[in-house]
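Peer 1:
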Amino acid sequence: MGNRPKNREIVTAFLQKPWIELTLRILLGVIFIYASIPKIGYPSQFAKIIYGYALFPAALINLIAIIVPYVEIVMGASLILGIYPRAAASILAGMLSLFIIAISINLIRGHEFDCGCFSLKNSGLSHSAGMLLFRDIIYFFISIFIIRFEGKRSWCIC
Amino acid sequence: MGLKEKWKHWFLKERKDARFRSRSLCPFFRVLTCLYVCDIGSDNMKKIFKECCILFTTAVILAFAGNAISSKGIPLVGQWDTTKGVVSAKGKNSVADYAFEIDTVEKAKGIYDTGEVLFVDARSTEEYKEGHIKGAESLPLMYFDNHIKEFLEKYDPSTFIVTYCSGRECEDSHDLAQFLSEAGYKKISVFIDGYPVWAEQGYPVE
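Written out as structure tokens, the structure reads:
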């Protein structure tokens, strides 16, 4: 027990390092840009996947398919370039929490679906929904870390 | 102290500690409840909110511009009602040609019974093997290029072809019809209800 505060301080100091924030920011940015490109290239397939979630009203499906990929790419780019990274991470955290809710609902009711997260081809269920959920939760925490980071941010218009 | 009281005590203490920092490794719910409130002051919140608006507006403007320019863009509202035919975003490159469609299983059976028609299965080979309309030829959409040569040798371009896949949520039969017409076939229809409804009706399968 006596050692705990000391360990905690070390961890704290470590998490304040600017390069950690920069690395995580770039990582999250790259992930989201990578994920958005096929969706931008093939919006109609992406719309089909959204339809497959069976959660959204028909009138909104196309709008979601148009807007979501661009939100991903803009936020990814702004994280990498360091333009308002906290705002970008907040929006991503919001989106990720929606993804988490959507995946959880389908997981609970046992609805089979294709997440369409990275590729749009009929990959079927190459990732299990549990894995997806886990991955999205990790991303969510990375974005929370970026929002709450208090050390000096390098490469950034904040 | 009972577990519940301990929990309450800990929670109140945490709340009282205004300088509580995120750096302590928070349990999940602490992060959720204190997400924006603890470290980020209200001035900062306003600033972040403003930045969010700027970024989000940029993204939305880019989205509509990009969608309008893209050759694969989609309209604001798609066709997602299965009672009205096959579902599709109705993109600029959409192949769902509604004039091609055979929209009831009875019509399809009528055509099938004439005997002068070739049913073509657009689904994967595994699905085809599990069961298909009797006499149907397999031509999986994914491997169209590998199979089309053989197919062309076997069937004359004047053959009446009806494509199908697994129902109204599946556009593959339309894609296949498009590819076949590009390959030279003149008379093609799409049986949009596909194999499941056919089998449900008790029509011939194998």
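Just so you know, the sequences run in chain order A and B.
In this text, residue positions in the first sequence follow our numbering: the first is 18, and each later residue adds one.
In this text, residue positions in the second sequence follow our numbering: the first is 3, and each later residue adds one.
We put the CB at the ideal spot given by N, CA and C, even for glycine.
Since the model is a prediction, treat every value here as computed from it, not as a measurement.
Do you know whose CA, among B:Lys-74, B:Ala-138, B:Asp-83 and B:Ile-76, lies nearest B:Pro-206's CA?
Peer 2: In the second sequence, the residue the question calls residue 206 of chain B occupies position 204. Cα-wise, what sits closest to B:Pro-206 is B:Ala-138.
Peer 1: For B:Ala-201, which residues of its own chain have a beta-carbon under 8 Å away from its beta-carbon, when the five flanking residues on both sides are left out?
Peer 2: On the second sequence, position 199 is the one that residue 201 of chain B refers to. Counting only Cβ-Cβ distances below 8 Å, and skipping sequence neighbours, we find Gly-133 and Val-207.
Peer 1: Rounded to whole angstroms, what's the CA-CA distance from A:Val-88 to B:Phe-181? Just pull it up for me.
Peer 2: By 1-based counting over the first sequence, the position of residue 88 of chain A is 71. By 1-based counting over the second sequence, the position of residue 181 of chain B is 179. Each residue's alpha carbon lies about 34 Å from the other.
Peer 1: Would you say A:Leu-150 and A:Ile-120 are within 7 Å of each other, going by their C-beta atoms?
Peer 2: Numbered from its first residue, the first sequence carries residue 150 of chain A at position 133. Numbered from its first residue, the first sequence carries residue 120 of chain A at position 103. Their beta carbons are under 7 Å apart, which means A:Leu-150 touches A:Ile-120 by this criterion.
Peer 1: Let me know the secondary structure DSSP gives A:Ser-95 once reduced to three states.
Peer 2: Locating residue 95 of chain A in the first sequence gives position 78, counting from the first residue. In this structure, A:Ser-95 counts as helix in the three-state DSSP scheme.
Peer 1: At a CB-CB cut-off below 7 Å, which residues of chain B make contact with A:Lys-65?
Peer 2: Within the first sequence, the letter at position 48 stands for residue 65 of chain A. Ala-91, listed in chain order.
Peer 1: So what's B:Asp-249 in DSSP terms, helix, strand or just coil?
Peer 2: Past the boundaries of the shown model lies residue 249 of chain B; chain B is included only from 3 to 208, so the question cannot be answered.
Peer 1: Alpha carbon to alpha carbon, what distance is there between A:Arg-170 and A:Phe-31?
Peer 2: For the purposes of this step, residue 31 of chain A is identified with residue 14 of the first sequence, where counting begins at 1. For the purposes of this step, residue 170 of chain A is identified with residue 153 of the first sequence, where counting begins at 1. Those two C-alpha atoms are separated by around 14 Å.
Peer 1: By the three-class DSSP mapping on this structure, what secondary structure does B:Lys-109 have?
Peer 2: Looking up residue 109 of chain B in the second sequence gives position 107. Helix at B:Lys-109.
Peer 1: Does any residue of chain B have a CB that is nearer than 7 Å to the CB of A:Asn-79?
Peer 2: The sequence position of residue 79 of chain A within the first sequence is 62, counting from 1. Answer yes: the Cβ-Cβ gap between A:Asn-79 and chain B drops below 7 Å somewhere.
Peer 1: Which residues in chain A have a C-beta closer than 8 Å to the C-beta of B:Ser-96? List them in chain order.
Peer 2: As a working mapping, residue 96 of chain B is identified with position 94 in the second sequence. Residues of chain A passing the Cβ test: Ser-61.
Peer 1: Looking only at its chain, what residues have a beta carbon closer than 6 Å to the beta carbon of B:Thr-161, apart from the 5 residues adjacent to it on each side?
Peer 2: Within the second sequence, numbered from 1, the residue matching residue 161 of chain B stands at position 159. Around B:Thr-161: Leu-120.
Peer 1: Is the beta carbon of B:Val-164 less than 7 Å from the beta carbon of B:Ser-191?
Peer 2: Residue numbering aside, residue 164 of chain B sits at position 162 when the second sequence is read from its first letter. Residue numbering aside, residue 191 of chain B sits at position 189 when the second sequence is read from its first letter. In contact: B:Val-164 and B:Ser-191 (Cβ atoms closer than 7 Å).
Peer 1: Three-state secondary structure (DSSP) at B:Val-192?
Peer 2: Translated into positions along the second sequence, residue 192 of chain B becomes position 190. Residue state, collapsed to three classes: strand.
Peer 1: Check distances from the C-beta atoms of the region 79-108 of chain A to those of chain B and list, in chain order, the residues that come in under 7 Å.
Peer 2: Flagged, chain order: Asn-79, Leu-80, Ala-82, Ile-83, Ile-84, Tyr-87, Val-88, Val-91, Met-92, Ser-95, Tyr-101, Arg-103, Ala-104, Ala-105, Ser-107 and Ile-108.
Peer 1: Can you pull the chain B neighbours of A:Ile-57, defined as C-beta to C-beta under 7 Å?
Peer 2: What you label residue 57 of chain A is simply residue 40 of the first sequence in a count that begins at 1. Simply Gly-68.
Peer 1: By how many angstroms is the C-alpha of B:Ala-124 removed from the C-alpha of A:Ile-27?
Peer 2: Along the first sequence, read from residue 1 onward, the residue named residue 27 of chain A stands at position 10. Along the second sequence, read from residue 1 onward, the residue named residue 124 of chain B stands at position 122. Between A:Ile-27 and B:Ala-124, the C-alpha separation is close to 60 Å.
Peer 1: Take every Cβ of the region 32-41 of chain A, pair it with every Cβ of the region 61-69 of chain A, and state whether three or more of those distances are shorter than 8 Å.
Peer 2: No: fewer than three Cβ pairs fall under 8 Å.
Peer 1: At the level of alpha carbons, what is the spacing between A:Ile-84 and A:Arg-103?
Peer 2: What you label residue 84 of chain A is simply residue 67 of the first sequence in a count that begins at 1. What you label residue 103 of chain A is simply residue 86 of the first sequence in a count that begins at 1. Rounded to the nearest angstrom, the two C-alpha atoms are 20 Å apart.
Peer 1: Given 8 Å as the limit, is there contact between the region 82-93 of chain B and the region 171-190 of chain B, that is, 3 or more CB pairs closer than that?
Peer 2: A contact exists between the region 82-93 of chain B and the region 171-190 of chain B.
Peer 1: Quick check: what's the CA-CA separation for B:Asp-105 versus B:Tyr-197?
Peer 2: As a position in the second sequence, residue 105 of chain B is number 103, starting the count at 1. As a position in the second sequence, residue 197 of chain B is number 195, starting the count at 1. The alpha-carbon atoms of B:Asp-105 and B:Tyr-197 are separated by roughly 13 Å.
Peer 1: Roughly how many angstroms separate the alpha carbons of B:Ala-179 and A:Tyr-70, rounded to a whole number?
Peer 2: In the second sequence, counting from the first residue as 1, residue 179 of chain B sits at position 177. In the first sequence, counting from the first residue as 1, residue 70 of chain A sits at position 53. So the alpha carbons of these two residues sit roughly 27 Å apart.
Peer 1: By alpha-carbon positions, which one of B:Ile-113, B:Lys-10 and B:Asp-158 ends up nearest to B:Gly-186?
Peer 2: For the purposes of this step, residue 186 of chain B is taken as residue 184 along the second sequence, with counting starting at 1. With distances taken between Cα atoms, B:Gly-186 lies closest to B:Asp-158.
Peer 1: Per DSSP, what are the beta-bridge partners of B:Thr-165 in this structure?
Peer 2: Reading the second sequence from its first residue, position 163 is the one you call residue 165 of chain B. Its beta-bridge partners are B:Val-122 and B:Val-192.
Peer 1: Using only the alpha-carbon positions, how far apart do B:Val-107 and B:Ser-126 sit?
Peer 2: The count along the second sequence starts at 1 and reaches residue 107 of chain B at position 105. The count along the second sequence starts at 1 and reaches residue 126 of chain B at position 124. Each residue's alpha carbon lies about 22 Å from the other.
Peer 1: Measure the beta-carbon distance from A:Leu-113 to A:Ala-105 and round it to whole angstroms, keeping in mind my assumption that it falls under 8 Å.
Peer 2: By one-based count along the first sequence, residue 113 of chain A stands at place 96. By one-based count along the first sequence, residue 105 of chain A stands at place 88. Going by Cβ atoms, the distance from A:Leu-113 to A:Ala-105 rounds to 12 Å, so no, they are not a contact pair.
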